[in-house]
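In the numbering used here, the protein residues as written are 1 to 288.
Note that CB positions come from ideal geometry on N, CA and C, so glycine has one too.
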Amino acid sequence: MFAQSELQLIDKQTFQWKTESIQKPKHDEVLVQTLASSISIGAELSAYFGAVNVYPIQTGYENVAEVVQIGNEVNTVQPGDRVVAFYGHKNIEICKENQVILLPDHVNERAALLAILSCDAAKGVRKLAPRREDRVVISGMGVIGLWAVYYLKQFYGVRNVDVIEPNAARMQLAKTFGAKEHVDEGSHKLDGYYDYGLECSASNRAFGQLQRLMCTNGSICLLSDGNSDPFELTDDYFRKELTLFRSSDGWNYREHFEWFFQQVSDTPYVYELFEQTIEQSELIECFH
Numbered sequence: 001m002f003a004q005s006e007l008q009l010i011d012k013q014t015f016q017w018k019t020e021s022i023q024k025p026k027h028d029e030v031l032v033q034t035l036a037s038s039i040s041i042g043a044e045l046s047a048y049f050g051a052v053n054v055y056p057i058q059t060g061y062e063n064v065a066e067v068v069q070i071g072n073e074v075n076t077v078q079p080g081d082r083v084v085a086f087y088g089h090k091n092i093e094i095c096k097e098n099q100v101i102l103l104p105d106h107v108n109e110r111a112a113l114l115a116i117l118s119c120d121a122a123k124g125v126r127k128l129a130p131r132r133e134d135r136v137v138i139s140g141m142g143v144i145g146l147w148a149v150y151y152l153k154q155f156y157g158v159r160n161v162d163v164i165e166p167n168a169a170r171m172q173l174a175k176t177f178g179a180k181e182h183v184d185e186g187s188h189k190l191d192g193y194y195d196y197g198l199e200c201s202a203s204n205r206a207f208g209q210l211q212r213l214m215c216t217n218g219s220i221c222l223l224s225d226g227n228s229d230p231f232e233l234t235d236d237y238f239r240k241e242l243t244l245f246r247s248s249d250g251w252n253y254r255e256h257f258e259w260f261f262q263q264v265s266d267t268p269y270v271y272e273l274f275e276q277t278i279e280q281s282e283l284i285e286c287f288h
C-alpha cells in the first residue's frame, strides 16, 4: 500500500491535508507520483473565499507526474516515464491508463502544465473558427483570455485580436501574447465592429460590452468559469441575432499537446504566466 496526501478545502478559508492508504494499481491502472502541479488563482481563490456550498472539496487541477507502477495490461507508459494527468493537489494517485498522457523527453514540466489550460481555451476558439481577416475581441486577460489570444494568433493567424482589460500589467502581457489594441470599457466607438467575441472575465458588465461590440450575426463564446455574476442577454443579442456558444475543458488534449509542444519552444514568453513557484509544504500558506 501507498500513503496518499490530498489537500482538501474543508470549510471557508480552511485547508487540511487528508492522508489515506491506496492499493497498488489494477490491470489497467497507473500509479504516479507528482512532480509538479499548478494553482488556478481565479477558480481556487473563489472557492477558498466561500464560493462553494458543499465541503470538503478537492483542490488543484493539472499535474506532471512520474510513473511508479503499472498494471499488467498497461502498454502506453512504463515506470520512470513522465506523464500529464488531472488529479489535483495530491502527492500520488492511481489513474486509468487512458487518463495519463506521455510527456516527451524534450518538454519541460512548466510547459506541460501550461498545455492543459491552453487546450481549454483552444476549444472555445475552435467553436468560432475565425478566418485570418476576421475581427475578434476578448474580455478578460487572465490565463484563459491570454491563451485565447495565443491560439487565435498561433493557430488561426488572426490579424486583428483586441482585448478588454482594465489592468495595465495584464494588458501589457496580452500584447506580448499578440493582442493588437486595448478596447476601453466605456467606449462606444467600436460598437458593431467585431465578428467574434470571447468572454473570459466572468463579468456580466464585460459580457454586455461584448454584445454591444459584435456586428450583426456575430458570435460570442463564453469561456469563463466560476462566474460570480449571472450573465444577461441584452437588446444587442436579439437585435443583431447573435450566436452564443459555451465551452469548458479541452477539445482533444493529446492532439493539442502535439501542436503545443512544437509551438512553445518558439514562444518563451508564455512562462511569464507563472507568478510564483513553491514547494508542496508551502501550498496552504500560498492562499493566505
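According to the neighbour-count rule (16 or more other Cβ atoms, all chains shown, within 10 Å of its Cβ), is residue i buried or exposed?
| i | result |
| --- | --- |
| Ile70 | buried |
| Leu223 | buried |
| Lys26 | exposed |
| Gly145 | buried |
| His256 | buried |
| Ala121 | buried |
| Met1 | exposed |
| Pro166 | exposed |
| Lys123 | buried |
| Leu213 | buried |
| Arg82 | buried |
Beta-carbon separation of residue i and residue j under 7 Å?
| i | j | result |
| --- | --- | --- |
| Val64 | Glu97 | no |
| Ala206 | Ser118 | no |
| Asp191 | Gln211 | no |
| Ala115 | Leu103 | no |
| Lys180 | Val161 | yes |
| His106 | Thr59 | no |
| Gly208 | Thr234 | yes |
| Phe245 | Cys221 | yes |
| Leu31 | Val77 | no |
| Arg20 | Gln4 | For the record, residue 20 in the displayed sequence is Glu; it is not Arg. Yes, the pair counts as a contact, with Cβ atoms nearer than the cut-off. |
| Phe86 | Glu66 | no |
| Asp229 | Ser203 | yes |
| Val183 | Leu152 | no |
| Glu29 | Ile101 | no |
Between residue i and residue j, how many whole angstroms is the CB-CB distance? I'm expecting something under 8 Å.
| i | j | result |
| --- | --- | --- |
| Tyr48 | Asp11 | The Cβ separation is near 10 Å, so there is no contact. |
| Val136 | Pro130 | 6 Å |
| Lys18 | Gln8 | 5 Å |
| His149 | Gly178 | A small fix is needed here, since residue 149 is Val in this sequence, not His. Going by Cβ atoms, the distance from Val149 to Gly178 rounds to 5 Å, so yes, they are a contact pair. |
| Phe298 | Ile284 | Any property of residue 298 remains undetermined from this structure, which presents the chain solely from 1 to 288. |
| Asp266 | Asp195 | The Cβ separation is near 27 Å, so there is no contact. |
| Asn154 | Gln263 | According to the sequence as given, residue 154 is Gln; it is not Asn. 6 Å between Cβ atoms; contact. |
Open item on the list: Please give me, in chain order, every unbroken run of the alpha helix (DSSP H) with length at least 4 that falls completely inside the region 32-114.
Closed with: 41-48
Open item on the list: Restricting to runs no shorter than 3 residues, where is the beta strand (DSSP E) found entirely within the region 200-239?
Closed with: 214-222
Task: Meets three-Cβ-pair contact criterion under 8 Å: the region 247-255 and the region 170-181 - done: no
Open item on the list: List, from N- to C-terminal side, the alpha helix (DSSP H) runs of 4 residues or more that fit wholly inside the region 111-166.
Closed with: 143-154
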